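Okay, structure first, notes after.
Protein chains: 2
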Amino acid sequence: MKIEAKFYHAGCPVCQDAEKNIADALDPKIFEVKYIHLGEEKNALDAAEKAGVKSVPALVIGGKVFHINFGADLSALK
Amino acid sequence: MKIEAKFYHAGCPVCQDAEKNIADALDPKIFEVKYIHLGEEKNALDAAEKAGVKSVPALVIGGKVFHINFGADLSALK
Chain S
1 MKIEAKFYHA
11 GCPVCQDAEK
21 NIADALDPKI
31 FEVKYIHLGE
41 EKNALDAAEK
51 AGVKSVPALV
61 IGGKVFHINF
71 GADLSALK
Chain B
101 MKIEAKFYHA
111 GCPVCQDAEK
121 NIADALDPKI
131 FEVKYIHLGE
141 EKNALDAAEK
151 AGVKSVPALV
161 IGGKVFHINF
171 GADLSALK
């Protein structure tokens, strides 16, 4: 079974860079990457916040949050 | 030919988390990951700084810097 990696983003340039170079780059043999656009999927904001996401882009893998550079604060997407 | 990804770290817990979950997780078919411990390889500090690394852990892929969470400022490793 693959490990789920959730990539939270907002479509911003910083997010796109992280998406192309990190999220898309994860080993597909090991990871199943889910892409969540928090600007469009507002109902996912709560789950992101509970997972510990403070800003986008961020990857959540195995319950750990990895904030990658800084695109936008989560509060700006509410 | 594989794409080079440089993972700069300092052996700190935040660095180790990023190493295990992000750097080690990159698709080995596409990337050749080099691990650079800036606490031990002081002569690599200049190159890291020139690449735009401000803190560790950070991944440099294709000339772009991805700071992943925050472990230590580069200046603290000098």
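Protein sequences appear in the order of chains S and B. Positions 1 to 78 (my numbering) are the ones given, in order, by the first sequence. Positions 101 to 178 (my numbering) are the ones given, in order, by the second sequence. We treat Cβ as the ideally placed atom computed from N, Cα and C, and that holds for glycine. Computed from a predicted structure; not experimentally measured.
Note down, in chain order, all residues in the region 150-164 of chain B with a beta-carbon under 8 angstroms from any beta-carbon belonging to chain S.
-> Legend: CB atoms of the region 150-164 of chain B lying less than 8 angstroms from CB atoms of chain S belong to residues 159, 161, 162 and 164.
Are residue 157 of chain B and residue 104 of chain B touching if we call contact CB-CB under 9 angstroms?
-> Translated into positions along the second sequence, residue 157 of chain B becomes position 57. Translated into positions along the second sequence, residue 104 of chain B becomes position 4. Cβ distance not < 9 angstroms, so residue 157 of chain B and residue 104 of chain B don't count as in contact.
Whether residue 66 of chain S touches residue 169 of chain B by CB criterion (9 angstroms) | Locating residue 66 of chain S in the first sequence gives position 66, counting from the first residue. Locating residue 169 of chain B in the second sequence gives position 69, counting from the first residue. The Cβ atoms of residue 66 of chain S and residue 169 of chain B lie closer than 9 angstroms to each other.
Please list the residues of the region 117-131 of chain B that have a C-beta atom closer than 7 angstroms to any C-beta atom in chain S, keeping them in chain order.
-> So the list reads 117, 118, 121, 122, 125, 126, 127, 128, 130 and 131, given in the order they occur along the chain.
Report yes if the CB atom of residue 148 of chain B is closer than 9 angstroms to the CB atom of residue 161 of chain B, and no otherwise.
-> The residue labelled residue 148 of chain B in the question sits at position 48 within the second sequence. The residue labelled residue 161 of chain B in the question sits at position 61 within the second sequence. Not in contact: residue 148 of chain B and residue 161 of chain B (Cβ atoms no closer than 9 angstroms).
Please decide whether residue 43 of chain S counts as near chain B, where near means a Cβ-Cβ distance under 9 angstroms.
-> If you number the first sequence from 1, residue 43 of chain S lands on position 43. Among the CB atoms of chain B, none fall inside 9 angstroms of the CB of residue 43 of chain S.
When you compare each of S:78, S:41, S:71 and S:77 to residue 16 of chain S by their alpha carbons, which one comes out closest?
-> Position 16 of the first sequence, counted from the first residue, corresponds to residue 16 of chain S. Measuring from the Cα of residue 16 of chain S, the nearest candidate turns out to be S:71.
Measuring CA to CA, which of S:59, S:64 and S:74 is closest to residue 39 of chain S?
-> Position 39 of the first sequence holds residue 39 of chain S. Out of S:59, S:64 and S:74, S:74 has the C-alpha closest to the C-alpha of residue 39 of chain S.
Taking residue 136 of chain B as the query, report the chain S residues whose CB atoms sit under 7 angstroms from its CB, ordered along the chain.
-> In the second sequence, residue 136 of chain B corresponds to position 36, counting from 1. Within chain S, no residue has its beta carbon less than 7 angstroms from that of residue 136 of chain B; the closest one is some 18 angstroms off.
Could you pull out every residue in the same chain whose Cβ sits closer than 7 angstroms to the Cβ of residue 12 of chain S, ignoring the five residues on either side in sequence?
-> Your numbering for residue 12 of chain S matches position 12 in the first sequence. If you ignore the 5 residues before and after residue 12 of chain S, its C-beta comes within less than 7 angstroms of the C-beta of 71 and 72, all in its own chain and listed in chain order.
Step through the CB atoms of chain B and report whether any lies within less than 9 angstroms of the CB of residue 48 of chain S.
-> Reading the first sequence from its first residue, position 48 is the one you call residue 48 of chain S. No, its Cβ sits nowhere closer than 9 angstroms to a Cβ of chain B.
Kindly list the residues whose CB is nearer than 7 angstroms to the CB of residue 102 of chain B, restricted to its own chain and excluding five residues on each side of it in sequence; keep chain order.
-> On the second sequence, position 2 is the one that residue 102 of chain B refers to. Closer than 7 angstroms at the Cβ level, and outside the excluded window around residue 102 of chain B, lie 130, 131 and 132.
Would you check if the distance between the CB atom of residue 77 of chain S and the CB atom of residue 10 of chain S is smaller than 9 angstroms?
-> By one-based count along the first sequence, residue 77 of chain S stands at place 77. By one-based count along the first sequence, residue 10 of chain S stands at place 10. Between residue 77 of chain S and residue 10 of chain S, the CB-CB gap stays under 9 angstroms.
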